[in-house]
Amino acid sequence: MRATLILLRHAAPVIPSPGGPDDYTRPLTTEGHQQARSVIDELRALAPHAIVSSPYLRAVQTVQPLAHALGLPIRTDHELREWDSGLAPRPDYARHYALSWTMPRLARVGGESLDQLSRRAVAALLALAQQHDEGTVVVGSHGTFIARALVGFGFTQVDWAFSHAMPMPAIYRLDLTDRQILANGPGLTRP
């Protein structure tokens, strides 16, 4: 296997709020749409042959301008969805997320643990790499998903601070072969 996965964290979305759009239907803001258009040239230069996205609206809207520019369809994959923390929208979410990073096996009622997310993320990304052997795929997803995928692939510098500081949008490149996994992107240093 030899594949390149370009992990694209979604652009700026509408902030979650009680009574607001649910996590699946939160759209990008006007700024978010501009951000999504601003990464087209950088992503086009990587010559992707496929675009796969989380089904969440903000992730799909982030890859839409690229898909349009390249004339590629967007395939959605439920396994690329964001972490289901088990928390309803709340202003003190950061405190609860930070706690989860210190206790990655913690799963709230109805949610998944960060360790479970890492396993899901790695499995989903390895499946994509195998499906697109010798190719480059843009993967539209979410900050916690991407951070926990990096943890699952052995990048020990990824922690709550890294995840919390991840820009929107953010681009991470994973080069996967049968022998190694290399990554680069905001906040990552090469080994």
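Quick note: the working numbering has the sequence shown finishing at residue 213, numbered continuously throughout. Where is the CB? At the ideal position from N, CA and C, for every residue including glycine. All figures in this text were calculated on a predicted structure; none of them were measured in a lab.
Simplified DSSP state of residue i, which is helix, strand or coil
{"i": "S39", "result": "coil"}
{"i": "D45", "result": "coil"}
{"i": "T178", "result": "coil"}
{"i": "V61", "result": "coil"}
{"i": "D197", "result": "strand"}
{"i": "T51", "result": "coil"}
{"i": "A67", "result": "coil"}
{"i": "L92", "result": "helix"}
{"i": "L204", "result": "strand"}
{"i": "A129", "result": "coil"}
{"i": "R80", "result": "helix"}
{"i": "A192", "result": "strand"}
Rounded Cβ spacing between residue i and residue j (contact assumed at less than 8 Å)
{"i": "F28", "j": "V161", "result": "The question names Phe, but residue 28 in the sequence shown is Ile. Confirmed, about 7 Å."}
{"i": "L30", "j": "Q83", "result": "Actually they are not in contact, since the Cβ atoms of L30 and Q83 sit about 12 Å apart, beyond 8 Å."}
{"i": "G108", "j": "G132", "result": "5 Å"}
{"i": "H186", "j": "A116", "result": "7 Å"}
{"i": "A120", "j": "A143", "result": "With 8 Å as the limit, A120 and A143 do not qualify as a contact, their Cβ atoms being about 19 Å apart."}
{"i": "V159", "j": "A72", "result": "5 Å"}
{"i": "H154", "j": "S76", "result": "So it is not a contact: roughly 17 Å between Cβ atoms."}
Rounded C-alpha distance that separates residue i from residue j
{"i": "I96", "j": "W182", "result": "30 Å"}
{"i": "P189", "j": "G157", "result": "26 Å"}
{"i": "G54", "j": "P35", "result": "6 Å"}
{"i": "P208", "j": "P38", "result": "24 Å"}
{"i": "R195", "j": "Q138", "result": "22 Å"}
{"i": "T26", "j": "F184", "result": "22 Å"}
{"i": "R103", "j": "V74", "result": "11 Å"}
{"i": "H32", "j": "H118", "result": "22 Å"}
{"i": "A110", "j": "V180", "result": "25 Å"}
{"i": "D200", "j": "R141", "result": "18 Å"}
{"i": "L148", "j": "G42", "result": "34 Å"}
{"i": "D106", "j": "R24", "result": "30 Å"}
{"i": "A146", "j": "A192", "result": "19 Å"}
{"i": "F177", "j": "A151", "result": "18 Å"}
{"i": "D197", "j": "E64", "result": "17 Å"}
{"i": "D44", "j": "W123", "result": "24 Å"}
{"i": "P113", "j": "Q202", "result": "40 Å"}
{"i": "N206", "j": "Q57", "result": "20 Å"}
{"i": "L79", "j": "L204", "result": "29 Å"}
{"i": "P219", "j": "Q86", "result": "The question about residue 219 has no answer here: the residues shown for the chain are numbered 23 through 213."}
Bridge-paired residues (DSSP) for residue i
{"i": "G162", "result": "L30 and S75"}
{"i": "L210", "result": "L210 is not bridged to any residue."}
{"i": "R24", "result": "T199"}
{"i": "R117", "result": "Answer is none; R117 lacks a bridge partner."}
Is there contact between the stretch 85-101 and the stretch 118-136, where contact requires at least three CB pairs shorter than 8 Å?
-> Taking a cut-off of 8 Å on C-beta distances, the stretch 85-101 does not touch the stretch 118-136, as fewer than three cross pairs fall below it.
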